[in-house]
Amino acid sequence: MLRRCAGRMFTTVAAKPPRLEGVVVGEILKLSSHPQAERLNICEVAIAANAESVQIICGAPNVRQGMKVPVATIGTKLTLRMPNPEDAASTVEKVKIKKSKLRGELSQGMICSEEEMGLANKSDGIMELAPDSVVGTPIAAYLDAQQEHK
2 MLRRCAGRMF TTVAAKPPRL EGVVVGEILK LSSHPQAERL NICEVAIAAN AESVQIICGA
62 PNVRQGMKVP VATIGTKLTL RMPNPEDAAS TVEKVKIKKS KLRGELSQGM ICSEEEMGLA
122 NKSDGIMELA PDSVVGTPIA AYLDAQQEHK
């Protein structure tokens, strides 16, 4: 099935419904370069109204301040395709999002692409949500609302 979000078309994966529990609408409040990694950014991200923002390390090429994005919060379980450097195949692994350090900087969640949420077979960066999206909204509710407006 083809879907449109923020002006981009992508193919959904219909084999299994995606597991989206723990993924919410977030807003990138501040963006700075990672001091130890040229391709990584340190993002300050709001994930709930009237709550402290979290720091998330992101390497997506399309990340920018002010974006509304899907955020997998601490404890969220995602099924990710992991590239195998020894051949062209990839393996599927279940990953639980946890606080971690990437090159010495704390990361408290994951900014997601359509592929990482199981909504597409391939994506070119993180998913950009509509600018009027409400921070903290569960991503499943956001996607349902977007579908209803079509």
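The opening residue of the sequence shown carries number 2 in the numbering used here; numbering runs sequentially from there. From the three backbone atoms N, C-alpha and C, an ideal C-beta is built for every residue, glycine too. What you are looking at is a predicted structure, and each value in this text was computed from that prediction instead of being measured.
Boundaries cannot be given for ILE127, as no beta strand (DSSP E) includes it and DSSP labels it neither H nor E.
Boundaries of the beta strand (DSSP E) around GLU28: 24 to 34. For ILE43, the three-state secondary structure derived from DSSP is strand.
Inclusion of VAL70 and MET128 in the CB contact set at 8 Å is warranted, their separation being smaller than that value. Looking at the DSSP output, SER101 sits in a beta bridge with SER108.
GLN66 is positioned such that its CB atom lies closer than 8 Å to that of LEU32.
Counting only residues of its own chain and dropping the five nearest sequence neighbours on each side, ALA141 has a CB closer than 6 Å to the CB of LEU21. Judged by DSSP in its simplified three-state form, GLU94 adopts strand.
Taking 8 Å as the cut-off, the beta carbon of LYS99 is found no closer than this to the beta carbon of LEU107.
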